[in-house]
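Let me begin by presenting the structure, written as structure tokens, before commenting on it.
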């Protein structure tokens with residue numbers, strides 16, 4: 199049988215390494231080990247884009263930062279007119295060049311390094327690059343091209359990597375990997391990963407108003423969000439390990455258990471959820487907007503930018519390649535997402551942050567914050583964020599995104 203490269207795969211082709219039966223479950227199950235080739239290809243795509251990032255970082259440092267051209271017309275034309283469009287066009291071009299059909303591979307190609315570089319470019323041309331990153335060309339290239347966030351001491355110096363730290367990171371990554379494999383194995387048995395049967399037909403009424411008053415919407419959205427969080431934890435920990443080994447420096451943790459530890463909407467988004475994207479949006483959007491407008495306007499602009507980012511990611515994930523269309527020019531098996539829903543989700547989150555800033559310091563809410571147990575407070579924070587979560591989750595749950603990603607996971611599946 200001819201070997202198929204993972205970036206071309208749209209189905210599960212692994213053979214089980216073990217077959218077994220489970221008490222109280224019908225049928226036979228197989229245990230599937232991770233595809234090492236899948237991880238190798240992910241690493242190769244990452245290396246290609248990091249190499250391009252080093253080139254762009256060199257150009258920005260040479261022509262904007264070192265000659266102190268930040269905030270000038272030249273800087274804006276160079277950054278927004280050349281570098282950012284290069285990353286936007288380059289992501290799609292890479293998918294076309296290699297014929298990437300695997301949706302998860304497209305996610306890696308399109309949203310990790312390109313996202314980092316687009317917002318770091320905006321940060322630089324507006325003059326908000328951190329001082330420690332502009333000390334030298336080498337410091338800036340690490341800042342620009344590393345998707346992981348380097349740890350620094352109180353003097354702003356990079357902290358050398360120790361074997362103890364490598365071991366700790368490696369164990370944490372493996373724990374996430376196996377936990378994610380178990381959760382996806384369990385949830386993949388349900389249509390659209392909806393564990394609780396929804397009273398409406400999800401094929402036709404995913405966005406039905408009636409769903410907002412059903413407990414199943416909130417329960418399913420929570421479990422789906424946990425799955426999504428585990429994916430981020432697993433791959434951010436993998437990036438942390440790769441960049442720490444590659445650079446020889448310690449990297450920061452990039453997820454702070456937001457679904458089980460947040461004390462407020464601002465704590466969820468500002469200190470716990472995907473701290474890489476948080477730092478990018480802060481430097482590339484929030485600070486430039488805050489220079490001219492109020493904090494509230496800057497927060498709204500930041501969430502709008504995040505919504506736009508996720509809409510762009512959907513465009514990359516669901517590109518239809520020439521190799522996918524039939525003789526009539528159609529792709530019957532291709533999923534077509536509903537655009538605009540990610541933006542609605544992030545507008546809702548911005549509204550929650552705005553409400554918190556208006557009433558969060560009132561005596562009533564300060565009293566509740568002190569008296570409520572932490573788990574109850576976290577549950578309330580998550581609950582008020584869930585009403586529009588299915589708007590964001592829809593394209594990932596209804597497409598083959600997770601099916602295409604499972605090649606990288608240890609899983610047990612029915613035979």
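Numbering (this note's numbering), first residue to last: 199 to 613.
Glycine residues also receive a C-beta, built at the ideal position from the N, C-alpha and C atoms.
If you're wondering where the values come from, they're calculated on a predicted model, not measured in any experiment.
Can you tell me which of 418, 207, 216 and 203 puts its alpha carbon nearest to the alpha carbon of residue 609?
-> 216
How big is the Cα-Cα spacing for residue 200 and residue 522?
-> Caution is warranted here: a pLDDT of 47 is assigned to residue 200, below 50, making its placement in the model unreliable, and no coordinate value can be reported.
Using the DSSP secondary-structure output, state which residues sit across from residue 230 in a beta bridge.
-> 609
Limits of the alpha helix (DSSP H) - the one that residue 290 falls within = Counting along the chain, the unbroken alpha helix (DSSP H) around residue 290 starts and ends at 282-296.
Kindly indicate which three-state DSSP category residue 433 falls into: helix, strand or coil?
-> helix
Which residues in the same chain as residue 237 place their Cβ atom closer than 7 Å to its Cβ, once the five residues preceding and following it in sequence are excluded?
-> 606
Given 8 Å, three or more beta-carbon pairs between the segment 496-509 and the segment 530-548 | yes
Would you please state the rounded distance, in angstroms, between the beta carbons of residue 308 and residue 591? I believe it to be under 8 Å.
-> Wrong, their Cβ atoms sit about 18 Å apart, outside the cutoff.
Mind the definition here: the segment 240-256 touches the segment 397-407 only if three or more C-beta pairs lie below 8 Å; say whether that holds.
-> no
Pull up the distance between the alpha-carbon of residue 226 and that of residue 209, whole angstroms please.
-> 20 Å
According to DSSP, what are the bridge partners of residue 278?
-> Paired residue(s): none; residue 278 is not in a bridge.
Ranges of the alpha helix (DSSP H) found wholly within the segment 211-277, counting only runs of at least 4 = 234-258 and 271-276
Report yes if the C-beta distance between residue 464 and residue 554 is below 8 Å; otherwise report no.
-> Yes, the pair counts as a contact, with Cβ atoms nearer than the cut-off.
To the nearest angstrom, report how far apart residue 365 and residue 445 are at their CA atoms.
-> C-alpha separation (whole angstroms): 16 Å.
In angstroms with no decimal places, state the Cα-to-Cα distance between residue 372 and residue 431.
-> Looking at the two C-alpha atoms, the distance is approximately 11 Å.
Kindly confirm or deny that the segment 455-462 and the segment 487-496 touch, where touching means at least three C-beta pairs closer than 8 Å.
-> no
Please classify residue 435: is it buried, with 16 or more other beta-carbons within 10 angstroms of its beta-carbon, or exposed?
-> Buried.
Coil, strand or helix - residue 328 by DSSP = coil
Consult DSSP for residue 310 and reduce its assignment to one of helix, strand or coil.
-> Coil at residue 310, not helix or strand.
Given residue 339 as reference, the closest of 286, 361 and 311 once Cα atoms are compared | 311
Does the distance from the CB of residue 346 to the CB of residue 263 come in under 8 Å?
-> no
C-alpha distance - residue 451 paired with residue 241, whole-angstrom precision | 20 Å
Got a sec, what are the start and stop residues for the alpha helix (DSSP H) residue 383 sits in?
-> 361-385
By Cβ distance below 8 Å, which residues in the same chain neighbour residue 532 in space, the five residues on each side in sequence not counted?
-> 516, 518 and 522
Based on the DSSP secondary-structure assignment, which residues constitute the bridge partners of residue 358?
-> 447
For residue 351, is the classification buried or exposed, using 16 other Cβ atoms within 10 angstroms of its Cβ as the cut-off for buried?
-> exposed
First and last residue of the uninterrupted alpha helix (DSSP H) at residue 510 = For residue 510, the uninterrupted alpha helix (DSSP H) segment begins and ends at 493-515.
Secondary structure at residue 350, three-state DSSP: helix, strand or coil?
-> strand
Please say whether residue 222 and residue 611 have beta carbons closer to each other than 8 Å?
-> no
Candidates 600, 318, 561 and 585: which alpha carbon is nearest residue 475's?
-> 318
Would you identify the three-state DSSP class for residue 199, choosing helix, strand or coil?
-> Bear in mind that the predicted position of residue 199 carries a pLDDT of just 41, short of 50, making it too unreliable to give a figure here.
In whole angstroms, what is the alpha-carbon distance linking residue 280 and residue 411?
-> Cα to Cα, residue 280 sits roughly 47 Å from residue 411.
Does the Cβ of residue 265 have 16 or more other Cβ atoms within 10 Å, making it buried, or fewer, making it exposed?
-> exposed
What's the gap between the Cα of residue 510 and the Cα of residue 259?
-> A straight-line Cα-Cα distance of about 27 Å links residue 510 and residue 259.
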